[in-house]
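K.L.:
Going left to right, the sequence shown walks through residues -3 to 315 as our numbering numbers them. Just so you know, even glycine gets a beta-carbon here, dropped at the ideal spot from N, CA and C.
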Amino acid sequence: MGFNINIIGTGGTRPLHNRYLSSVLIEYNGDNFLFDCGEGTQMSLRKQKISWQKIKMICITHLHADHITGLLGIIMLMSQSGETRKDPLIIAGPVGIKNYAKTNIDMLKIYKNYEIIYKEIIIDKTEKIIYEDKTKKIEYTRLKHSIECVGYLFIEKDKPGKFNTEKAEELNIPKGPIRKTLQDGKEILINGKIIKPSEILGKSKKGLKVAYITDTGYFKELIQQIKNFNLVIIESTFKNELKKEADKKLHLTAGGAANIVKQAKVLQTGLIHFSERYTLRKDLENLLKEAKLEYPDGEIFLTKDGMRLEASKNNFIIK
Ligand SMILES: [Zn+2]
Ligand SMILES: [Zn+2]
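#1: Between the region 58 to 73 and the region 93 to 107, can you find at least three pairs of beta-carbon atoms closer than 8 Å?
#2: Just to check, is the beta-carbon of D211 closer than 7 Å to a non-hydrogen atom of ligand 1?
#3: Which first and last residues belong to the alpha helix (DSSP H) in which Y107 is found?
#4: Counting only runs of 4+ residues fully inside the region 25 to 86, write out the alpha helix (DSSP H) ranges in chain order.
#5: Compare the C-alpha of D129 against each of E231, I1, I151 and name the closest.
#6: Just verifying my parser: in three-state terms, what is the DSSP assignment at S19?
#7: Measuring only the C-alpha atoms, how far is E23 from N160?
#8: Have a look at L248, F215, M303, K124 and flag the residue whose alpha-carbon is nearest the alpha-carbon of K43.
#9: Using only alpha-carbon positions, find the residue among L218, L283, S271 that is nearest to K258.
#10: Using only CA atoms, which one of K199, D243, I230, L85 lies nearest to G266?
#11: Per DSSP, A307 is paired with what?
#12: Return the residue from the list T131, L21, I93 that minimises the CA-CA distance to K115.
#13: Kindly examine ligand 1 and report whether one of its heavy atoms sits closer than 7 Å to the Cβ of H269.
#14: Between which two residues does the beta strand (DSSP E) carrying A207 extend?
#15: With a CB to CB cut of under 6 Å and the five nearest residues on each side skipped, what residues in its chain are close to K205?
#16: Verify whether the separation of the beta carbon atoms of E250 and Y291 is less than 8 Å.
#17: Closer than 7 Å: is that where the CB of G92 sits relative to any heavy atom of ligand 1?
#18: Taking only the alpha-carbon atoms, compute the straight-line gap between I186 and A164 and give it to the nearest angstrom.
#19: I'd like to know whether the C-beta atoms of T233 and F270 end up nearer to each other than 8 Å.
#20: Residues in the same chain with beta-carbon distance under 7 Å from K140, minus the five sequence neighbours each way, listed in chain order, please.
#21: Taking the alpha helix (DSSP H) that V228 falls in, what are its first and last residues?
#22: What is the residue span of the alpha helix (DSSP H) that I174 lies within?
#23: Rounding to the nearest angstrom, what Cα-Cα distance links K309 and H58 in this structure?
#24: Does the Cβ of H13 lie closer than 7 Å to at least one heavy atom of ligand 2?
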C-alpha cells in the first residue's frame, strides 16, 4: 500500500544483461500502473516480485519496439497464473496500440480469460485525462519523436484536511451524510447558517505530481506540461557530445533533459532510457554529471533497475 514508484528498467533500444528496457510501475494504494513494456519487462517484474496479475493499466508511450514488445507476454501471463482476473486490463497508447495487441492476440491464438479495454489516444481529439478516480488521474502529453509519442502525467489529487469532530459538535452538525458533504469540500446550511469546509477541516495536503517522459527531442512546450512537478522521470539517452545525433533521432542529451526540468522547476528528476553504448557505471555517472552541471539546484539522480521510490510528504525517498 502507499504511493510508490518501482523502476522496472532503464535502457533504450535493447535489453542488456543488467539493464532491462525503460519501464516504470506506479503503485497507488493497491492499484498498479505500468508505463511501457519492452522486451524483458516480465523478467524484471518477476525479479522485483511484482505480480503482473495486479496491474490495472498499462500505458505505452509509443510503438517503437523497445517500449512495446513485452506487452504480449504480459497479456498472455495474466490468464495463466491460477486465479482469474476480475477486473479488465486497461491498455493506453497512441493510435495503433489496439490493432497491434489485437492482431497479435489473434495470430498467436493467445488464450485470454479476462477483458481488455483499449484507450487509444488520438492527439488533440482524446480527452487529456485518460484515467481518473477519487484519488488520482493520469493525463497524456504529446512528445516530439519520430513517430507519435506521448508522456504520462500521474497526478495525485489534493487530500482534504482532517475533520475536526469537536468543532462539528460545537456547531451542532449532526453525524451522517451532512458531515460527508463538508469533507467533500462543499458548504452546508445548518439552522440558517452557512458552514464552510474550512471551518471544520484542517489544512489540505497537496497531491504529488509525477511525470514519465520518453522518447522525445527537445521542445519548449514540454516545460509548461511538467511545471513544478514533484518528480519527473525523463529520458537522458545521450551525453552532451552527441547532441547532433540526439537532435536528429529526436532524443534528449543529459544536458537537454536537465535544462527542461530546470525551467519547469521540477523538484526531483530521475534520468532514464540510457543508450546501449553506455554499458559502464562510469558512463552513466558522466551523464549525471552533465545533468547536474545544467541544473545544480535540482535533485537529479540516475534511475536504476530495481530502484524503489516511496512517497513522503512533499517528495519521494529513494529506497
Ligand atoms: Zn526508446
Ligand atoms: Zn522511440
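P.N.:
Put simply:
#1: With a cut-off of 8 Å, the region 58 to 73 and the region 93 to 107 count as touching, because enough Cβ pairs lie within range.
#2: Position 215 of the sequence shown, counted from the first residue, corresponds to residue 211. Yes, the Cβ of D211 comes within 7 Å of a heavy atom of ligand 1.
#3: Within the sequence shown, numbered from 1, the residue matching residue 107 stands at position 111. In the DSSP assignment, Y107 falls outside any alpha helix (DSSP H), carrying neither H nor E.
#4: 37 to 43, 61 to 64, 67 to 73
#5: Residue numbering aside, residue 129 sits at position 133 when the sequence shown is read from its first letter. Of E231, I1, I151, the residue nearest in Cα terms is I151.
#6: Your numbering for residue 19 matches position 23 in the sequence shown. Looking at S19 - three-state DSSP - the assignment turns out to be strand.
#7: Taking the first residue of the sequence shown as 1, we reach residue 23 at position 27. Taking the first residue of the sequence shown as 1, we reach residue 160 at position 164. Straight through space, the alpha carbons of N160 and E23 are spaced by roughly 30 Å.
#8: Here the question's residue 43 lines up with position 47 in the sequence shown. The option with the nearest alpha carbon to K43 is M303.
#9: Looking up residue 258 in the sequence shown gives position 262. Considering only alpha carbons, the answer is L218.
#10: Within the sequence shown, the letter at position 270 stands for residue 266. For the residues K199, D243, I230, L85, the minimum Cα distance to G266 belongs to I230.
#11: On the sequence shown, residue 307 is found 311 positions in, with the first residue counted as 1. DSSP output for A307 lists F312 as bridge partner(s).
#12: Here the question's residue 115 lines up with position 119 in the sequence shown. The candidate whose alpha carbon is nearest that of K115 is I93.
#13: By 1-based counting over the sequence shown, the position of residue 269 is 273. The answer is yes for H269.
#14: Indexing the sequence shown from 1 puts residue 207 at position 211. Segment 205 to 209, the beta strand (DSSP E) holding A207.
#15: Translated into the one-based positions of the sequence shown, residue 205 becomes position 209. Cβ within range, chain order: I151, F225, N226.
#16: The sequence position of residue 250 within the sequence shown is 254, counting from 1. The sequence position of residue 291 within the sequence shown is 295, counting from 1. The amino acid at residue 250 is misidentified as Glu; the sequence shows Ala. Taking 8 Å as the Cβ cut-off, A250 and Y291 do not qualify as a contacting pair.
#17: Position 96 of the sequence shown, counting from 1, holds the residue named residue 92. Flag unset: Cβ of G92 not near ligand 1.
#18: Here the question's residue 186 lines up with position 190 in the sequence shown. Here the question's residue 164 lines up with position 168 in the sequence shown. So the alpha carbons of these two residues sit roughly 11 Å apart.
#19: Counting from one through the sequence shown, the residue named residue 233 turns up at place 237. Counting from one through the sequence shown, the residue named residue 270 turns up at place 274. The answer is yes: Cβ separation under 8 Å.
#20: Working through the sequence shown from its first residue, we reach residue 140 at position 144. Excluding residues within five positions, the ones whose Cβ falls inside 7 Å are T212, G213, F215, L246.
#21: To locate residue 228, count along the sequence shown from 1; it is residue 232. First-last for V228: 227 to 231, but that is the beta strand (DSSP E), not the alpha helix (DSSP H).
#22: For the purposes of this step, residue 174 is taken as residue 178 along the sequence shown, with counting starting at 1. Counting along the chain, the alpha helix (DSSP H) containing I174 begins and ends at 173 to 179.
#23: In the sequence shown, counting from the first residue as 1, residue 309 sits at position 313. In the sequence shown, counting from the first residue as 1, residue 58 sits at position 62. So the two alpha carbons sit approximately 32 Å from each other.
#24: For the purposes of this step, residue 13 is taken as residue 17 along the sequence shown, with counting starting at 1. Every heavy atom of ligand 2 is 7 Å or more from the Cβ of H13, so no.
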